[in-house]
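Counted from 1, the first sequence has number 193 at position 193 by UniProt numbering; the numbering is strictly sequential.
Here the structure is laid out as structure tokens; the discussion comes afterwards.
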Amino acid sequence: MAARVGAPAPAPTARPGITLPNQTLYINNLNDKISKQVLRSELYVLCSQFGGVLDVVALKTGKMRGQAFVVFQQLTAASVALQKLQGFEFYGKPMRTAFCRTKSDVIAKEDGTFVPKQKRKTESHVPAYKQPNKKQMVESQAEAQPEGDQDMQEETNQPINKILFLERLPDEINVEMLQTLFKQFPGLAEVRMVPGKTGIAFVEFESDAQAATARDTLQGFKLTPTNTLRITYAKKN
DNA sequence: AGCACA
1 MAARVGAPAP APTARPGITL PNQTLYINNL NDKISKQVLR SELYVLCSQF
51 GGVLDVVALK TGKMRGQAFV VFQQLTAASV ALQKLQGFEF YGKPMRTAFC
101 RTKSDVIAKE DGTFVPKQKR KTESHVPAYK QPNKKQMVES QAEAQPEGDQ
151 DMQEETNQPI NKILFLERLP DEINVEMLQT LFKQFPGLAE VRMVPGKTGI
201 AFVEFESDAQ AATARDTLQG FKLTPTNTLR ITYAKKN
């Protein structure tokens, strides 16, 4: 019963005001005098410099005006765009960028988690972006129980560690991109790549729990159509 | 301020 002076224990995940990385960028404070068509195409070209854009959704109806959703093909692109476009002067107003709270339909349709209209609001309290994607689950389970390969098992059964081991990275990726990607999670300490070794990297957090959050969110993420991120805990020395 | 997609 010791007095707790204004220090509410924060839940490790999903704190209010903090949105986890999402492939879709949420933009607001947009000039609502711009037509939907112009807004869509202008945002499309503006955002394409950071990577492939799958869709731009802009509604002018009611509470949705002045906002837009830009769906990126890759999370890294959304991440970079979020930072580079923060406060960007667009038709006379600085845009505000954030990660979208939910998964876009285009993405959900792609990974098989799409739920048609009605059931949405009623069903789950867990936002779509936090729900595991079926393909990814199948994949990681297949990897967690490899048929007969003991080396694999040793690798995946590492105890929790504040250092993450990343595999299947695209060749084009670099430390900056990984920092951008992981900086969104609290507690990032360092990103290391290994000279001469492509496809892998180490990402260190300040605590095991912080590393675990990042791992859970980004596990199985499609960095490119052919690079599905794989994250395990690094071996302890 | 406001987190949609039919």
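By construction, the Cβ of each residue, glycine as well, lies at the ideal position given by its N, Cα and C atoms.
Sheet register partners of residue 88 (DSSP bridge): To locate residue 88, count along the first sequence from 1; it is residue 88. Bridge partners of residue 88: none, in fact.
Nearest-angstrom Cβ-Cβ length linking residue 206 and residue 189, presumed shorter than 8 Å: Counting from one through the first sequence, the residue named residue 206 turns up at place 206. Counting from one through the first sequence, the residue named residue 189 turns up at place 189. Contact holds; Cβ gap of about 5 Å.
Status (buried if at least 16 other CB within 10 Å, exposed otherwise) for residue 112: Translated into the one-based positions of the first sequence, residue 112 becomes position 112. Residue 112 should be labelled exposed.
At least 3 beta-carbon pairs within less than 8 Å: the segment 205 to 221 vs the segment 37 to 56: no
Touch test, the segment 22 to 34 against the segment 66 to 84, Cβ-Cβ under 8 Å, three pairs minimum: yes
Host alpha helix (DSSP H) of residue 40 (start-end): Taking the first sequence and counting its residues from 1, one reaches residue 40 at position 40. Looking at the DSSP string, the run of the alpha helix (DSSP H) that includes residue 40 is 36 to 48.
Euclidean distance between Cα positions of residue 305 and residue 225: Since the displayed the chain opens at 1 and closes at 237, residue 305 lies outside it and no answer follows.
Meets three-Cβ-pair contact criterion under 8 Å: the segment 168 to 186 and the segment 55 to 69: no
Supposed contact pair residue 83 and residue 180 - C-beta distance, whole angstroms, cut 8 Å: Position 180 of the first sequence, counting from 1, holds the residue named residue 180. Position 83 of the first sequence, counting from 1, holds the residue named residue 83. Contact holds; Cβ gap of about 7 Å.
Reference residue 230, options 209, 236, 200 and 211, closest by Cα: Counting from 1 along the first sequence, the entry for residue 230 is found at position 230. For residue 230, the nearest C-alpha among the options comes from 200.
Residue environment, residue 45, which counts as buried when at least 16 other CB atoms sit within 10 Å: Taking the first residue of the first sequence as 1, we reach residue 45 at position 45. Exposed, because fewer than 16 other Cβ atoms sit within 10 Å of the Cβ of residue 45.
Paired residues, beta bridge with residue 55 - DSSP: Here residue 55 refers to the residue found at position 55 when the first sequence is read from its first residue. Residue 55 pairs with 71.
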